[in-house]
Amino acid sequence: MFSKHLQSFTKQSQDGTRQRGADRQNRIDLEHQRNLLFPFLPLLIGVVAVSFSAILIKVCQVPAAAIGMYRLLMTVVLLSPFTLFSLRQRRAFQSLTRRDLFALAASGLFLGLHFLFWIASLKETSVASSMIITTLQPAFVGITAYFVFHERLSRQRIISLTLALVGTIVIALGDAARTHLTTSLHTPSLFGGSSALGGDILSLLGTICMSGYMLVGQHARARLTSTAYNWSVFLVAGLGLMAYAAISGVPFHGYRPVDWLWLVLLALAPTLFGHALFNWLLRFVNATTVSVTILGEPIGAILLSAWLLNEPIFAYQVLGGLVTLGGIWLYLYKAAG
């Protein structure tokens, strides 16, 4: 009798051990699956979302200033419940100094100019050219930091910045040759007229303004949460574009119903599922990982424009794009090192 009980107990113990081992293996498998999906799946979703920004701007038949204004102010409306009704956010605003407020205002104006120039560039040049040029933003930040803040630039960084600029020059010269503007530059449609090279210049101006936005807002960004900071600068940028639109005679209404749909999607997809998702991921991965991942935006936008808009991709854009993206990747990689 005792022997039977002992055998039964031993069998139950072995079964329990096997079950615990199976449970442990299942947990390991689930953890492995999570590691495979996170953070790669959220990063992929973010890149796809922001890649649609240029496509939506291309199909939206609304002036550049109005597109930027509505995109920013719609985003402000979306963020307002999380900003205005939060005691933590209100206390953060109350702690801001005059210098912080000035930085917020200047940062918002730079952001508004970025949207104005960049959106206008997409009305002139191809998605490929415009998006590749925008990847120069880290380069301009590094160059400005060198001259203004005397931050050291290593030889590797100088080489990577040079590569990025060379790639952009290849694209600009290719656009100039393609539109027969090698010797005469027409003024882009933001001011009247039309040219692909003019669109490249607008994209470059937008990239410089984005660099100013990043540099000027550093101090204030450290004093506020990402939600409160975004709400503040988006509000300033949106109101700035509203003033520009009013002065320049840009209409605020009378657009097609489908254009209003594109404007709403611009506020939702690239902002909530793109930039907001990247901000959230900064809690789990380093900034360089996010920055390098965002380099996928021009690639995604170019592929989407070829697929959805039937925009041709030229050999000089591929060459210049590879050189530019390679230079920026090398710059960010060295920054991480």
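For the sequence shown, the UniProt record's numbering begins at 1 and goes up steadily by one.
Quick reminder that beta carbons are idealized off the backbone N, C-alpha and C, glycines included.
Best match in the options for proximity to residue i [C-alpha to C-alpha]
i    : options                : result
R256 : V62, D175, K58         : V62
S53  : G254, L277, A269, P312 : A269
W262 : I45, G46, T227, A66    : A66
F38  : W280, S121, A92        : W280
A237 : G108, V216, T227, I55  : G108
Y70  : L136, Y146, G112       : G112
Q218 : L73, A106, F82, F93    : A106
K123 : A267, G46, R91, L56    : L56
I294 : Q137, V76, Q156, L265  : Q137
A267 : L79, F40, L44          : L79
F149 : L241, V216, R91, V258  : V216
T125 : L104, L202, A92        : L202
L104 : L235, A196, R283, V250 : L235
Three-state secondary structure (DSSP) of residue i
i    : result
C60  : coil
N310 : coil
H253 : coil
H219 : helix
S86  : coil
T293 : helix
H150 : coil
S305 : helix
T135 : coil
R283 : coil
L96  : coil
T125 : coil
F110 : helix
F38  : coil
L78  : helix
L224 : coil
Neighbourhood of residue i by C-beta distance below 6 Å, restricted to the same chain and skipping five residues each side
i    : result
G206 : H114, F117, W118
G212 : F110
Q89  : T83, A228
V285 : P39
A139 : L161, A164
L265 : L56
Residue i, buried or exposed, once every other Cβ within 10 Å from all chains shown has been counted against 16
i    : result
I328 : buried
N310 : exposed
V59  : exposed
T168 : buried
A315 : exposed
T135 : buried
A222 : exposed
A64  : buried
S248 : exposed
R157 : buried
A243 : exposed
A246 : exposed
F147 : exposed
V47  : buried
V77  : exposed
V233 : buried
Alpha carbon of residue i to alpha carbon of residue j, nearest angstrom
i    : j    : result
L325 : L332 : 10 Å
M210 : A176 : 24 Å
D200 : T225 : 34 Å
A128 : S95  : 43 Å
S321 : G254 : The residue you asked about is not Ser; residue 321 is Gly in the sequence shown. About 38 Å.
W307 : S86  : 43 Å
R178 : V170 : 12 Å
A228 : L73  : 14 Å
L272 : P42  : 12 Å
P81  : L319 : 46 Å
I166 : V141 : Inspection of the sequence shows that residue 166 is occupied by Val rather than by Ile. Each residue's Cα considered, the two are about 17 Å apart.
R155 : I143 : 13 Å
L173 : I133 : 13 Å
M214 : N230 : 12 Å
I208 : S121 : 13 Å
Q317 : S130 : 10 Å
L161 : V290 : 19 Å
F252 : E151 : 44 Å
L241 : T97  : 25 Å
F93  : T75  : 19 Å
A49  : F102 : 32 Å
D259 : G68  : 13 Å
Own chain residues within Cβ distance below 7 Å of residue i, not counting five before or after
i    : result
S51  : E297, G300, A301, L304
I45  : F273, L277
D100 : H219, A220, R223
L30  : Confidence at L30 is low in this model, with a pLDDT of 47, below 50, so its placement is unreliable and the value that follows should be read with caution. Nothing meets the Cβ criterion.
beta-carbon residue i near the ligand GDP non-hydrogen atom, thresh 7 Å
i    : result
L268 : In terms of ligand content, the structure shown is empty, and the ligand GDP therefore cannot be addressed.
Residues of its chain near residue i, where Cβ-Cβ distance is below 8 Å and the 5 sequence neighbours each way are ignored
i    : result
L163 : V323, T324, G326, G327, L330
G192 : Its pLDDT being 45, under 50, G192 is placed unreliably by the model, and the measurement read from it follows with that caveat. Counting only Cβ-Cβ distances below 8 Å, and skipping sequence neighbours, we find nothing.
A145 : E151, L215
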